[in-house]
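Notes follow once the structure below has been shown.
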Amino acid sequence: MNHLKSMTIPEIGEVLKELGQPAFRAKQVFSWLHKGVRSFEEMTNLPKSLRDTLESGYPICAPEVVRKQTSKKDGTIKYLWKLSDGNCVETVLMRYHYGNTVCISTEVGCRMGCAFCASTLGGLVRPLEPFEMIDQVLFTQVDSGLPVSHIVLMGIGEPLDNMENVLRFLELVNSPEGMNISMRHISLSTCGLVPKIDELGDKKLQISLAISLHGPNNEIRNRIMPVNKAYPIEQLIPACRRYYEKTSRRIHFEYAMIQGVNDTPEHAKQLLSLLKGLPSHVNMIPLNHVEESPYKPSTKSAVAAFQKILEDGGVTATVRRTLGSDIDASCGQLRRKYTRQTEND
């Protein structure tokens with residue numbers, strides 16, 4: 236099925252041209268779709284006959300909220316959306332001093348198999364279409380009543396495993412006639428698909444690239460991140476350097492602090508050596524506990540010691556503020572619970 240919300244204005248124009256409509260209608264339809272309308276009936280400046288035609292041929296498949304959890308600690312909101320085919324994905328709205336950030340999913344499930352992540356436990360079901368990513372931003376705004384200024388592609392799924400649809404999403408969400416969210420306000424996280432990192436770098440987009448590193452050597456990454464066996468550190472870090480050379484955008488490295496696995500002073504020194512000369516920022520993440528995972532978060536003293544070694548060595552390192560800890564805010568947890576519940580009903 237063709238979804239108008241996955242189309243650019245010129246593409247919508249071609250559809251409307253075949254329906255005998257003037258060119259200016261395309262911008263009107265695009266603008267309405269990206270305001271979060273749920274039906275063509277809401278597009279009051281379109282002729283009734285056109286609204287009826289579009290409704291029958293290009294239905295708007297708005298997602299349904301099946302779970303919504305709001306943190307009493309910090310106001311973080313987590314949504315579980317049911318898509319038109321019955322599958323579910325998660326979106327998280329986080330409030331910061333600089334604005335509201337929405338973390339969206341790019342796939343239903345994930346096939347990357349990272350040992351500490353709930354998103355991958357059921358494997359990959361399917362990639363999300365561009366409109367399904369747009370809808371997560373749109374309807375989070377509509378439901379919460381809060382404007383979104385920043386987007387992170389760090390929810391369920393590996394964005395670069397769905398690269399074509401993700402690139403189209405970025406184009407659409409950046410459109411001045413749509414949500415007009417700056418590329419510089421968008422971050423994309425990957426576990427390390429080297430050829431796709433190179434391909435993304437060639438696009439020279441001004442988004443922020445975040446690498447889910449989580450280990451300073453191959454032995455650790457092989458154990459907790461299967462992707463490292465295909466693209467080991469000796470390939471990943473040079474790809475990051477090439478990305479920086481192409482875009483002049485500092486690389487962000489996500490590093491989940493896992494007790495007894497990757498959090499010793501020696502690991503910090505290895506990470507320093509790895510990132511030497513690469514403009515980068517290490518985002519240290521207190522691990523969210525996942526029921527099915529044996530891994531536990533590092534102690535506060537271990538995190539502090541690790542951060543000090545990086546900072547003393549000239550690498551900027553911050554500890555991510557834990558948001559939504561009381562609402563299953565870790566990727567995949569809410570979907571996992573809902574899926575198990577519905578299977579048992």
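Take 236 as the starting number for the sequence shown in this note's numbering and just add one per residue. Just so you know, even glycine gets a beta-carbon here, dropped at the ideal spot from N, CA and C.
| Item | Value |
| --- | --- |
| Any 3 or more C-beta pairs closer than 8 Å across the segment 385-395 and the segment 490-500 | no |
| Per DSSP, the bridge partner or partners of M242 | DSSP, once it has assigned bridges, lists no residue as partnering M242. |
| Limits of the unbroken beta strand (DSSP E) element including T499 | Taken as a continuous stretch (DSSP letters only), T499 belongs to no beta strand (DSSP E), as it is neither H nor E. |
| Identity of the residues DSSP links to T305 by a beta bridge | I312 |
| The segment 466-478 in contact with the segment 354-370 per 3-pair CB rule at 8 Å | no |
| C-alpha distance - L435 paired with S284, whole-angstrom precision | 42 Å |
| DSSP three-state assignment for T326, whether helix, strand or coil | strand |
| Ordered list of beta strand (DSSP E) runs contained in the segment 321-387, each at least 3 residues | 323-331, 334-338, 342-344, 359-362 |
| S417 beta carbon less than 8 Å from that of A445 | no |
| Helix, strand or coil at M585 according to DSSP, with G and I counted as helix | Past the boundaries of the shown model lies residue 585; the chain is included only from 236 to 580, so the question cannot be answered. |
| Whole-angstrom C-beta distance between R484 and S443, which should lie under 8 Å | 6 Å |
| Helix, strand or coil at V554 [DSSP, three-state] | strand |
| Unbroken beta strand (DSSP E) run spanning Y490, endpoints | 486-492 |
| Cβ distance (whole Å) where E393 is taken to contact M347 below 8 Å | 5 Å |
| Residues near L513 in its chain [Cβ-Cβ closer than 8 Å; skip 5 each side] | I472, C475, R476, Y479, I486 |
| Residue from Y490, L428, L363 whose Cα sits closest to the Cα of E342 | L363 |
| K270 - DSSP class collapsed to helix/strand/coil | coil |
| Alpha-carbon to alpha-carbon, T425 and L448 | 9 Å |
| V462 versus I369 - alpha carbon distance | 28 Å |
| Inter-stretch contact (C-beta, 8 Å, three-pair minimum) for the segment 260-271 and the segment 281-297 | yes |
| Residue closest to C345, alpha-carbon to alpha-carbon, out of M519, S410, E290, C323 | C323 |
| Three-state class that DSSP yields for L254 in the structure shown | coil |
| Nearest-angstrom Cα separation, counted from V301 out to S241 | 23 Å |
| Member of V550, M519, Y530, I544 whose CA lies at the smallest distance from the CA of R556 | M519 |
| Sheet register partners of A445 (DSSP bridge) | S424, H487 |
| Secondary structure of K531, DSSP reduced to three states | coil |
| Per DSSP, cross-strand counterpart(s) of V300 | W316 |
| C-alpha gap between Q371 and Y314, whole angstroms | 9 Å |
| E454 classed as buried or exposed, judged by whether at least 16 other C-beta atoms fall within 10 angstroms | exposed |
| Close Cβ partners of D433 (< 7 Å) along its chain, the five nearest in sequence each way excluded | A474, R477 |
| Neighbourhood of F351 by C-beta distance below 7 Å, restricted to the same chain and skipping five residues each side | I459, A491, I493, L522, V525, S528, Y530 |
| Cβ-Cβ distance between H502 and F366 below 8 Å | no |
| Reference F541; option with closest CA among R456, G450, K481, T482 | G450 |
| Which of helix, strand or coil DSSP assigns to E412 | coil |
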